[in-house]
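Residue numbers (my numbering), protein chains in the order written: chain H, 1 to 373; chain X, 1 to 58. Backbone N, C-alpha and C fix where the C-beta goes; we use that ideal spot for every residue, glycine too.
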């Protein structure tokens with residue numbers, strides 16, 4: 001009888017459970033707690049948290065060759081299919097109207113990418129390699145799928161911590177951005193009222209994804225997979241002739257690929273790669289990336305005001321990161337804290353969606369410059 | 001400063017990368033302005049033609 005128990009114990013995972021794996025369980029429970037109890041990006045953090053648990057089950061080996069998570073990761077993420085399909089859904093959910101109404105908002109989306117490059121430089125100084133630094137810097141774009149896309153090319157082993165940092169901080173945008181916005185703007189600037197964006201015709205909305213695809217994909221080919229599907233999703237939405245495709249892109253398909261994305265990213269976080277002092281640096285640099293991206297957007301909006309007759313509220317520059325629509329809402333709330341009748345939400349949505357494009361272009365540039373190194 | 005870093009590459013990525021993002025989005029901005037202007041021009045022409053036609057029909 002005792003021999004049977006001994007044999008059972010030896011064949012179970014308990015005998016090989018390590019202390020490091022127990023720490024990873026604790027991290028998994030923390031991520032699950034943030035997702036379920038605090039509702040921090042639960043759609044992503046819940047499957048990521050569960051994926052972390054699965055990757056650290058002793059003897060289960062779900063990330064080993066030809067096992068369940070290995071298939072999800074190798075066929076979904078390594079091949080770039082999942083991040084691109086996420087972008088298809090995001091495109092179907094995005095209204096480019098405020099951006100088309102005032103295209104100079106694209107410059108604010110470009111300026112906010114300054115945070116990406118400042119963090120890239122900071123990560124190099126912190127001792128990361130050039131490729132790792134690019135993956136960490138792109139967290140500043142506040143775009144989870146783009147972060148995963150860049151890391152799948154440049155530093156796949158950092159995908160787990162970078163993705164968790166990106167999604168956690170995206171949920172914390174209402175906490176991270178307001179102090180920076182208040183610090184960099186005067187009360188008078190926060191009180192600036194802006195006219196509502198002009199109405200945009202259906203023809204303009206249909207032509208935008210076509211024009212944007214041609215411009216971006218011709219100029220930055222490595223950004224083509226993300227941008228092409230993002231704009232295709234948007235064309236589904238704006239054409240109004242493929243309602244079924246639009247519906248499936250922004251609902252069923254997006255939900256399905258989100259499950260595979262989350263569980264695969266969580267699956268990359270085993271004890272050996274995650275329990276490294278470098279990971280703490282990644283989290284610190286991640287919040288720094290968000291903060292500097294917000295700051296560069298606001299500062300650029302103030303510079304634009306030097307040349308504009310109709311002044312813009314510099315707070316909308318802070319919405320140039322691509323956490324849509326959280327960032328625009330946050331800046332709107334900062335403006336309303338000064339003047340309850342100041343509505344800048346629609347105006348902030350322009351730089352916000354421009355930030356998605358800007359981050360994808362920055363990602364494409366990283367891949368173009370570093371993938372061959 | 002960490003050793004073994006190719007600083008030329010780092011500076012190239014920072015400067016070239018940020019400039020490229022600005023360039024691409026500026027070209028996109030000009031394209032969107034141009035597209036909107038063309039559409040409005042055609043819409044205006046159509047509305048003028050429509051009003052002419054409705055006048056002639058009377």
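Where residue i falls: helix, strand or coil (DSSP)
| i | result |
| --- | --- |
| residue 198 of chain H | coil |
| residue 340 of chain H | coil |
| residue 330 of chain H | helix |
| residue 8 of chain X | helix |
| residue 240 of chain H | coil |
| residue 321 of chain H | coil |
| residue 29 of chain H | helix |
| residue 272 of chain H | helix |
| residue 172 of chain H | coil |
| residue 382 of chain H | Coverage of chain H is limited to positions 1 through 373, which leaves residue 382 of chain H absent and any answer about it impossible. |
| residue 109 of chain H | helix |
| residue 3 of chain H | helix |
| residue 212 of chain H | helix |
| residue 193 of chain H | coil |
| residue 261 of chain H | helix |
| residue 187 of chain H | helix |
| residue 221 of chain H | helix |
| residue 226 of chain H | helix |
| residue 57 of chain H | coil |
| residue 349 of chain H | helix |
| residue 10 of chain H | helix |
Residue i classed as buried or exposed, judged by whether at least 16 other C-beta atoms fall within 10 angstroms
| i | result |
| --- | --- |
| residue 310 of chain H | exposed |
| residue 15 of chain H | exposed |
| residue 27 of chain H | buried |
| residue 18 of chain H | exposed |
| residue 39 of chain H | exposed |
| residue 177 of chain H | buried |
| residue 46 of chain X | exposed |
| residue 147 of chain H | buried |
| residue 169 of chain H | buried |
| residue 262 of chain H | buried |
| residue 143 of chain H | buried |
| residue 372 of chain H | exposed |
| residue 22 of chain H | exposed |
Same chain, Cβ closer than 8 Å to residue i, neighbours up to 5 away in sequence not counted
| i | result |
| --- | --- |
| residue 264 of chain H | 51, 69, 72, 73, 76, 77, 82 |
| residue 217 of chain H | 223, 224, 227, 228 |
When the options are compared against residue i, the one with the closest alpha-carbon
| i | options | result |
| --- | --- | --- |
| residue 280 of chain H | H:238, H:205, H:126, H:267 | H:126 |
| residue 32 of chain X | H:158, H:174, H:211 | H:211 |
| residue 154 of chain H | H:53, H:129, H:37 | H:129 |
| residue 92 of chain H | H:42, H:252, H:29, H:9 | H:252 |
| residue 206 of chain H | H:356, H:354, H:241, H:336 | H:241 |
| residue 348 of chain H | H:339, H:332, H:358, H:222 | H:332 |
| residue 255 of chain H | H:213, H:42, H:108 | H:42 |
| residue 230 of chain H | H:284, H:4, H:353 | H:353 |
| residue 24 of chain H | H:47, H:11, H:57 | H:57 |
| residue 198 of chain H | H:164, H:174, H:101, H:61 | H:101 |
| residue 62 of chain H | H:183, H:266, H:301, H:133 | H:266 |
| residue 79 of chain H | H:318, H:30, H:150 | H:150 |
Cβ neighbours of residue i in the same chain (closer than 7 Å, five flanking residues each side left out)
| i | result |
| --- | --- |
| residue 196 of chain H | 346 |
| residue 362 of chain H | 113, 116, 138, 141 |
Nonlocal neighbours in the same chain, by C-beta distance under 6 Å from residue i, ignoring five residues either side
| i | result |
| --- | --- |
| residue 85 of chain H | 257 |
| residue 131 of chain H | 154, 155, 370 |
| residue 364 of chain H | 220, 222, 223 |
beta-carbon residue i near the ligand PLP non-hydrogen atom, thresh 6 Å
| i | result |
| --- | --- |
| residue 35 of chain X | For the structure depicted, the ligand PLP is absent and the ligand set is empty, with no information on it obtainable. |
Contact residues within the region 2 to 13 of chain X, judged by C-beta distance below 8 Å to chain H: Against chain H - using a Cβ distance shorter than 8 Å - the residues of the region 2 to 13 of chain X are 2, 5, 6, 9, 10, 12, 13.
Interface positions of the region 81 to 115 of chain H facing chain X (Cβ-Cβ less than 7 Å), listed along the chain: Answer in chain order: 100, 103, 104, 106, 107, 109, 110, 113, 114.
Within 7 Å of chain H by C-beta, residues of the region 27 to 42 of chain X in sequence order: Cβ contacts with chain H: 27, 28, 29, 31, 32, 33, 35, 36, 39.
Residues of the region 193 to 213 of chain H whose Cβ lies closer than 7 Å to any Cβ of chain X, in chain order: Listed by position, the residues of the region 193 to 213 of chain H near chain X (Cβ gap below 7 Å) are 201, 203, 204, 207, 208, 211, 212.
Where the region 343 to 371 of chain H meets chain X: residues whose CB sits under 8 Å from a CB there: Within the region 343 to 371 of chain H, the residues whose Cβ lies closer than 8 Å to some Cβ of chain X are 354, 357, 358, 361, 362, 365, 366, 369, 370, listed in chain order.
Contact set between the region 270 to 282 of chain H and chain X, restricted to residues whose Cβ is under 7 Å from the partner: The region 270 to 282 of chain H vs chain X, Cβ under 7 Å: nothing.
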